[in-house]
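Colleague: Encoded as structure tokens, here's the structure I'll be asking about.
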Amino acid sequence: GSITVNIQLLVIQFMNCVSGVSGPDWGVSYSHVHICVLKSSSVIMSCTYTYPTGHQIMKVFWTNTKEKEDKHETEFPDLSEDPEYSQRLQYLGDKQQNCTIRLSHVTHKDSHKYYFRFRTNIDQWIGKPGLTLTVTDLQVEAPERVTEGHNVSLTCKSSCTLTDRATFIWYRNSQPLTERRDGNNQLLLQSVRREDAGRYSCALHGHSYISPAAHLSVTYAPKNISVSISPSGEIKEGDSVTLSCSSDSNPPAEISWFKGIKFVGSGRIYSISNISSDHSGEYKCKSRNKHGEKYSAVTLNVMYPPRSVSVSISPSGQIKEGDSVTLSCSSDSNPPALNFKISWFKGGMFVGFGRIYSISKISSYDCKKYKCKSINEHGEKYSAVTLNIICKFIIKKANSLGFFFTSVHISNFKIVSAS
Numbered sequence: 019g020s021i022t023v024n025i026q027l028l029v030i031q032f033m034n035c036v037s038g039v040s041g042p043d044w045g046v047s048y049s050h051v052h053i054c055v056l057k058s059s060s061v062i063m064s065c066t067y068t069y070p071t072g073h074q075i076m077k078v079f080w081t082n083t084k085e086k087e088d089k090h091e092t093e094f095p096d097l098s099e100d101p102e103y104s105q106r107l108q109y110l111g112d113k114q115q116n117c118t119i120r121l122s123h124v125t126h127k128d129s130h131k132y133y134f135r136f137r138t139n140i141d142q143w144i145g146k147p148g149l150t151l152t153v154t155d156l157q158v159e160a161p162e163r164v165t166e167g168h169n170v171s172l173t174c175k176s177s178c179t180l181t182d183r184a185t186f187i188w189y190r191n192s193q194p195l196t197e198r199r200d201g202n203n204q205l206l207l208q209s210v211r212r213e214d215a216g217r218y219s220c221a222l223h224g225h226s227y228i229s230p231a232a233h234l235s236v237t238y239a240p241k242n243i244s245v246s247i248s249p250s251g252e253i254k255e256g257d258s259v260t261l262s263c264s265s266d267s268n269p270p271a272e273i274s275w276f277k278g279i280k281f282v283g284s285g286r287i288y289s290i291s292n293i294s295s296d297h298s299g300e301y302k303c304k305s306r307n308k309h310g311e312k313y314s315a316v317t318l319n320v321m322y323p324p325r326s327v328s329v330s331i332s333p334s335g336q337i338k339e340g341d342s343v344t345l346s347c348s349s350d351s352n353p354p355a356l357n358f359k360i361s362w363f364k365g366g367m368f369v370g371f372g373r374i375y376s377i378s379k380i381s382s383y384d385c386k387k388y389k390c391k392s393i394n395e396h397g398e399k400y401s402a403v404t405l406n407i408i409c410k411f412i413i414k415k416a417n418s419l420g421f422f423f424t425s426v427h428i429s430n431f432k433i434v435s436a437s
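The sequence shown begins at 19 in the working numbering and counts up by one.
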């Protein structure tokens, strides 16, 4: 009868409303059908709706689709009653024609298609095709390394194009780069310096979320190379010495050691045990990587007591009584023995200081053994040989007339082994 027909018409009308088929004066309009929003932020989903004159609004709510367990039916829950949404969802509209809401502290789980639904005293409506919300985080896209002096671009990327106009902020090592705040999602570093290395992250102005950091490494040739000696202070024969080479470079440099131009070792540390005077000289540390090389030098000055002490005589050749003779003492030591540290001995008796010892108007009295002693703060040593001056005595004889004549024989000065 007529009752059955009316029920069928009501069911058909209800199905049309739920599926979104437009009816007279029914409708939901969304400002954006796609919204991309940053994780942890708030999003405003703006909408308006209309319904026929004479209807009275009984219930309004936002919903998203959830499949039931049998996966054959779909339910439309009221998000304001859902524990996952209830504390984060706020109506901004008047619920009569404005259905705008704010959803706070969004996460990736909030990425859904959302619908506004309302019910009057006569009918109900769901606003399809709905509004798609995508929640994105930020990722810094950057090369792992860049060479000093080159340019590099870093990009703050999102999985979707942010709906609201975004002002990007960049951070290095958690410190904001205030001069880098603009609407561009790229950070351009020109003529990169090693100080530009660090952990870069990005954010949007007015938002608390900061992206995970991406590390940028700046590679460069060795700089600030230096050599240190341990122990510091004076180095004496027999000591052990360590030379250390330090340099600032990226990637780390290979270290080589040279004495003069001769390669003597590699590695940051170069050690010499039981050092001798032969180790004295200039040592260079070479720091090298693929971007360049640099040297640093240090001089080792090994101290040692006198050695190779010897005496020489001048003039050489035959010496006669009355001549003048100069004896010279030479020695090898570090530091050199000073004049007042060189002593002369004649027949075991001290006769003077200085590198030079002079005898004027030589006589038989000077026929002795001479030696020198060289002293510095590390020791002393006598000449390995002595000068043995051999003299002939002067003999006087009377002739037949009663006059005396003199016969003088002075031999050469001779160097003989010390006794």
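Note that the Cβ used here is the ideal one computed from N, Cα and C, for glycine as well.
It should be emphasised that the depicted structure is a prediction, and the values quoted were computed from it without experimental measurement.
#1: Glu300 by DSSP, collapsed to three states: which one?
#2: Tell me which residue opens and which closes the beta strand (DSSP E) that Thr165 is part of.
#3: Lys399 lies in the beta strand (DSSP E); which residues open and close that run?
#4: Looking at C-alpha atoms only, which residue of Ser265, Leu151, Asp43 and Asp112 is the closest neighbour of Ile62?
#5: Tell me whether the beta-carbon of Asn394 lies closer than 8 Å to the beta-carbon of Pro324.
#6: In terms of residue numbering, what span does the beta strand (DSSP E) encompassing Gln142 cover?
#7: Excluding sequence positions up to five away, which residues of its chain have a Cβ less than 6 Å from the Cβ of Arg190?
#8: Give the DSSP bridge partners of Arg120, in chain order.
#9: Could you tell me the boundaries of the beta strand (DSSP E) in which Tyr69 lies?
#10: Assess contact between the stretch 329 to 337 and the stretch 345 to 356, defined as three or more Cβ pairs (one per stretch) separated by less than 8 Å. Is contact present?
#11: If you reduce the DSSP assignment to three classes, tell me which class Lys280 lands in.
#12: In the DSSP assignment, find the unbroken beta strand (DSSP E) run with Ser326 in it and report its ends.
#13: Quick check on Tyr383: buried or exposed, where buried means 16 or more other Cβ atoms within 10 Å of its Cβ?
#14: In chain order, what residues of the same chain have a beta carbon less than 6 Å from the beta carbon of Lys254, not counting five sequence neighbours either side?
#15: Of all the options Arg306, Ile380 and Arg211, which has the alpha carbon lying nearest to the alpha carbon of Ile337?
#16: Under three-state DSSP, which class holds Phe358?
#17: Mind checking whether Thr138 and Ile75 have CB atoms under 8 Å apart?
#18: Would Val210 and Gly148 qualify as a contact pair, given that the criterion is a beta-carbon distance under 8 Å?
#19: Taking the alpha-carbon positions, what's the Thr179 to Ala315 distance?
#20: Considering only the alpha carbon of each residue, which of Gly145, Ala184, Thr154 and Leu205 lies closest to Thr173?
#21: Going by DSSP in three states, Tyr383 sits in which element: helix, strand or coil?
#22: Is DSSP giving Lys127 helix, strand or coil here?
#23: Is the distance from the Cβ of Ser400 to the Cβ of His309 below 8 Å?
#24: For Asp96, which three-state DSSP category applies?
#25: What are the uninterrupted segments assigned as beta strand (DSSP E) that are 3 or more residues long and contained completely in the stretch 192 to 275, given in chain order?
#26: Distance, Cα to Cα, Trp44 vs Ile144?
#27: With 16 other CB atoms within 10 Å as the buried threshold, where does Lys77 fall?
#28: Considering only residues of the same chain and omitting the five flanking positions on each side of Phe276, which have a CB-CB separation below 6 Å?
#29: Could you check how far apart the C-beta atoms of Gly370 and Lys386 are, in whole angstroms? I think they sit under 8 Å.
#30: Label Leu56 either buried or exposed according to how many other C-beta atoms from any shown protein chain fall within 10 Å of its C-beta, with 16 as the threshold for buried.
Modeller: In terms of the structure at hand:
#1: Looking up residue 300 in the sequence shown gives position 282. Strand, per DSSP.
#2: Residue mapping note: residue 165 aligns to position 147 of the sequence shown, counting from 1. Segment Arg163 to Thr165, the beta strand (DSSP E) holding Thr165.
#3: Residue 399 sits at position 381 when you count from the first residue of the sequence shown. For Lys399, the uninterrupted beta strand (DSSP E) segment begins and ends at Gly397 to Tyr400.
#4: Counted from its first residue, the sequence shown places residue 62 at position 44. The shortest Cα separation from Ile62 among Ser265, Leu151, Asp43 and Asp112 belongs to Leu151.
#5: Taking the sequence shown and counting its residues from 1, the one referred to as residue 394 is at position 376. Taking the sequence shown and counting its residues from 1, the one referred to as residue 324 is at position 306. Yes; because the gap between Cβ atoms is below 8 Å, this pair is in contact.
#6: By 1-based counting over the sequence shown, the position of residue 142 is 124. Counting along the chain, the unbroken beta strand (DSSP E) around Gln142 starts and ends at Gln142 to Ile144.
#7: Here residue 190 refers to the residue found at position 172 of the sequence shown. Same-chain partners within the cutoff: Gly216 and Tyr218.
#8: For the purposes of this step, residue 120 is taken as the residue at position 102 of the sequence shown. Per the DSSP secondary-structure output, Arg120 pairs in a beta bridge with Ile62 and Gln108.
#9: The sequence position of residue 69 within the sequence shown is 51, counting from 1. Looking at the DSSP string, Tyr69 is not in any beta strand (DSSP E), and its letter there is neither H nor E.
#10: yes
#11: Position 262 of the sequence shown, counted from the start, is the residue given in the question as residue 280. Here Lys280 sits in strand by DSSP.
#12: To locate residue 326, count along the sequence shown from 1; it is residue 308. Here the beta strand (DSSP E) through Ser326 covers Val320 to Ser332.
#13: Within the sequence shown, the letter at position 365 stands for residue 383. Exposed, since its Cβ has fewer than 16 Cβ neighbours within 10 Å.
#14: For the purposes of this step, residue 254 is identified with residue 236 of the sequence shown, where counting begins at 1. Here the set comprises Met321.
#15: By 1-based counting over the sequence shown, the position of residue 337 is 319. For the residues Arg306, Ile380 and Arg211, the minimum Cα distance to Ile337 belongs to Ile380.
#16: The residue labelled residue 358 in the question sits at position 340 within the sequence shown. Three-state DSSP puts Phe358 in a helix.
#17: The count along the sequence shown starts at 1 and reaches residue 138 at position 120. The count along the sequence shown starts at 1 and reaches residue 75 at position 57. Going by C-beta atoms, Thr138 is nearer than 8 Å to Ile75.
#18: In the sequence shown, the residue the question calls residue 210 occupies position 192. In the sequence shown, the residue the question calls residue 148 occupies position 130. With respect to Gly148, Val210 sits apart: the two C-beta atoms are not nearer than 8 Å.
#19: If you number the sequence shown from 1, residue 179 lands on position 161. If you number the sequence shown from 1, residue 315 lands on position 297. Approximately 58 Å, taken between the alpha carbons.
#20: For the purposes of this step, residue 173 is taken as residue 155 along the sequence shown, with counting starting at 1. Ranking the options by Cα distance to Thr173, first place goes to Leu205.
#21: For this step, residue 383 is matched to residue 365 along the sequence shown. Correct three-state label for Tyr383: helix.
#22: Reading the sequence shown from its first residue, position 109 is the one you call residue 127. Three-state result, Lys127: helix.
#23: Translated into the one-based positions of the sequence shown, residue 400 becomes position 382. Translated into the one-based positions of the sequence shown, residue 309 becomes position 291. Ser is not the amino acid found at residue 400; the sequence shown has Tyr there. Their beta carbons are not under 8 Å apart, which means Tyr400 does not touch His309 by this criterion.
#24: Here residue 96 refers to the residue found at position 78 when the sequence shown is read from its first residue. DSSP, read as helix, strand or coil, puts Asp96 in coil.
#25: 204 to 207, 216 to 222, 232 to 248 and 259 to 268
#26: Along the sequence shown, read from residue 1 onward, the residue named residue 44 stands at position 26. Along the sequence shown, read from residue 1 onward, the residue named residue 144 stands at position 126. Each residue's alpha carbon lies about 10 Å from the other.
#27: Numbered from its first residue, the sequence shown carries residue 77 at position 59. Exposed, because fewer than 16 other Cβ atoms sit within 10 Å of the Cβ of Lys77.
#28: Start at 1 with the first residue of the sequence shown, and residue 276 comes out as number 258. Excluding positions up to five away in sequence, the list reads Lys302.
#29: For the purposes of this step, residue 370 is taken as the residue at position 352 of the sequence shown. For the purposes of this step, residue 386 is taken as the residue at position 368 of the sequence shown. Not really, about 13 Å apart at Cβ, beyond 8 Å.
#30: Stepping through the sequence shown from its first residue, residue 56 is reached at position 38. Under this definition Leu56 is a buried residue.
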